[in-house]
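First residue of the sequence shown? That's 1 in the UniProt record's numbering, and the numbers climb one at a time after it. Down below is the structure, laid out as structure tokens.
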Amino acid sequence: MSNFQREAYAMINIENLRLPIEGKEILKGIDLHLRPGDTYGLLGPNGAGKSTTIFALLGLRAFGSGRISVLGGNPADDAVFIRRSVGVMPEKAGFYDWMIAPDYLKWYGGLYDFAPTKQDVAKMLEKVGLGAEAHRPIGTYSRGMKQRLAVARALISRPKLLILDEPTNGLDPKGRREIHDLLVEFASDGKAGVLLCTHLLDDVDRLCNRIGIIDNGRTRLEGSLGDLLAEQGGGQRYRLRLESAPDTTNLPAGVAIAGREGGWWYVQVQAAPSGGPSTLWHELWRRDWKILEIRSEASSLEELYMSHTGQDRPHAQEAVL
């Protein structure tokens, strides 16, 4: 990556990060690049190295070799600056159960040298859907309510960068949508960034413009989600409903069977004939494929994940802190 390209990734630059723990190399080559305005989905199986990567970029774990820059700072030398500039939501967020949410957020903001006003706190609690529950002791909150408070805590100091681990765990669909809207709003001015660790592929699909997939301590794939999905497709995929089972031994050139589910057959088309898809369907009819219905399908994030990790879908993530 050129110096010009590095400068474009002003929020997080991680290049070829290696990190040993007790003589064993845990991270074996991590790359992660997050620009202002990015919402970046970090995916990988349990134990892949996601949490260790986050520890390293926050200056909580010394690394062996490679390069890390967070908001232009080096975690080894600028850890205090980085932690005060980053809002972090760990998967398992602890609270003082005897406190009420407004007092807790004011106290927490003070840890970051930020003194939120009463209005700041009230507005934030309304945004995360806790306005009506603000004066109940936190210990009486449900799991979903504590998730909302953890998001508010990460945002209250007006950070430049958010790092969130499973932010929508325990939330109903309405709560998930509200958190989605908050994250979109946070990154919408193009100046802030979000690093999202989650096992919910739907959250990544909805929110993220960039992703990184890591496995066994290495980055397996990184880039624009749209571009990676287009490349993963390797052509166009179709779902066909047939009157009867087809002859799969005599397929047109560039066509492969990609699977079967119920009465549907999935075909992958690397290159349609010169006459376009209609010519292809005619060719299949000539081969006695009794096609009743055709649907075009985009390559999915789940397929992308599976092809680079061998996992059916991500397991629950490790706690960040």
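For each residue, glycine too, the CB sits at the ideal point set by N, CA and C.
Item: Strand pairing of residue 256, partner residues [DSSP]; Value: 268
Item: Buried or exposed (CB count within 10 angstroms, at least 16 for buried), residue 38; Value: buried
Item: Identity of the residue in 239, 289, 249, 160 nearest residue 269 by Cα; Value: 239
Item: Of the residues 135, 24, 56, the one placed nearest residue 32, counting alpha carbons only; Value: 56
Item: Given 8 Å, three or more beta-carbon pairs between the stretch 130-149 and the stretch 92-110; Value: yes
Item: Straight-line Cα distance separating residue 106 from residue 117; Value: 8 Å
Item: Alpha carbon of residue 305 to alpha carbon of residue 43, nearest angstrom; Value: 8 Å
Item: Local Cβ density within 10 Å of residue 3, reported as buried at 16 or more and exposed below that; Value: Summary for residue 3: the model assigns pLDDT 41, below 50, so the residue's position carries little reliability, and this model does not support an answer.
Item: For residue 179, the first and last residue of its enclosing alpha helix (DSSP H); Value: 173-187
Item: According to DSSP, residues forming a beta bridge with residue 13; Value: 33, 69
Item: CB contact flag (residue 197, residue 91, <9 Å); Value: yes
Item: Residues sharing a beta bridge with residue 215, DSSP; Value: 218
Item: Within 9 Å, strictly: CB atoms of residue 200 and residue 168; Value: yes
Item: Beta-carbon spacing of residue 17, residue 83 below 9 Å; Value: no
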